[in-house]
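Just so you know, the sequence shown maps onto residues 1 to 119 in full-length UniProt numbering.
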Amino acid sequence: MAMSEISAASRENITVGNAVDGKLGLGDLRMDPATLAHQAAVAEAGGNPQLAENFRRAAELATIEDEQVMALYEALRPHRSTAAELEELRASLLARGAPRCAALVEQAAAVYARRGLLR
């Protein structure tokens, strides 16, 4: 499978030197959801369903703004969110077409409630 280009930077321009010099932005390094989905299929075929599921969630997250992804990570830290806040987050992920990530938030909310990790 060929690598999809989702930014103006060509593969030849994606170097450590250009990154250090500030010539690359986060968009230049973002993974394409189709590439991540392909990696999921490879992992599944290789007998690693957990890794495949991680790649599928990553493909969903690749379509979401960086700030929103960071807010998701912050919300999932213990004692950071209420059950209602996690439910709101789950619903927003569903609305954005990220059902696997929404399911992960739902599972986390149940575990956090059981273990006393909600705010």
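Even glycine gets a Cβ: it sits at the ideal position worked out from N, Cα and C.
Alpha helix (DSSP H) runs contained entirely in the stretch 43-114, provided each spans 4 or more residues = Complete alpha helix (DSSP H) runs here, min 4: 49-61, 66-75 and 83-95.
- Task: Starting from residue 28, trace the alpha helix (DSSP H) both ways and give me its first and last residue.
- Result: Against the sequence shown, residue 28 aligns to sequence position 28. Element bounds for residue 28: 26-29.
Near residue 66, which residues of its chain fall below 7 Å by C-beta distance, leaving aside the five closest residues on each side in sequence? As a position in the sequence shown, residue 66 is number 66, starting the count at 1. Cβ neighbours of residue 66 beyond the five flanking positions: 26.
Exercise for the section: Could you check which residue in 47, 72 and 45 has the C-alpha nearest to that of residue 57? Expected result: As a working mapping, residue 57 is identified with position 57 in the sequence shown. The option with the nearest alpha carbon to residue 57 is 72.
Roughly how many angstroms separate the alpha carbons of residue 13 and residue 88, rounded to a whole number? Start at 1 with the first residue of the sequence shown, and residue 13 comes out as number 13. Start at 1 with the first residue of the sequence shown, and residue 88 comes out as number 88. Using only the alpha carbons, I get a separation of about 40 Å.
- Query: Under a three-way DSSP split, which group does residue 15 fall into?
  - Reply: As a working note, residue 15 is residue 15 in the sequence shown. Of the three classes helix, strand and coil, the one that applies to residue 15 here is coil, per DSSP.
Exercise. Assuming residue 55 contacts residue 40 (C-beta within less than 8 Å), just tell me the rounded distance between them.
Key: Position 55 of the sequence shown holds residue 55. Position 40 of the sequence shown holds residue 40. Contact holds; Cβ gap of about 4 Å.
Contacts around residue 90, its chain only, beta-carbon distance under 6 Å, and the 5 residues preceding and following it disregarded: Along the sequence shown, read from residue 1 onward, the residue named residue 90 stands at position 90. Counting only Cβ-Cβ distances below 6 Å, and skipping sequence neighbours, we find 102, 105 and 106.
Measure from the alpha carbon of residue 64 to the alpha carbon of each residue in 96, 83, 28 and 115, then state which is nearest.
If you number the sequence shown from 1, residue 64 lands on position 64. Residue 64 has its Cα closest to that of 96, out of 96, 83, 28 and 115.
Going straight from the alpha carbon of residue 33 to that of residue 79, what length do you get?
In the sequence shown, counting from the first residue as 1, residue 33 sits at position 33. In the sequence shown, counting from the first residue as 1, residue 79 sits at position 79. Using only the alpha carbons, I get a separation of about 31 Å.
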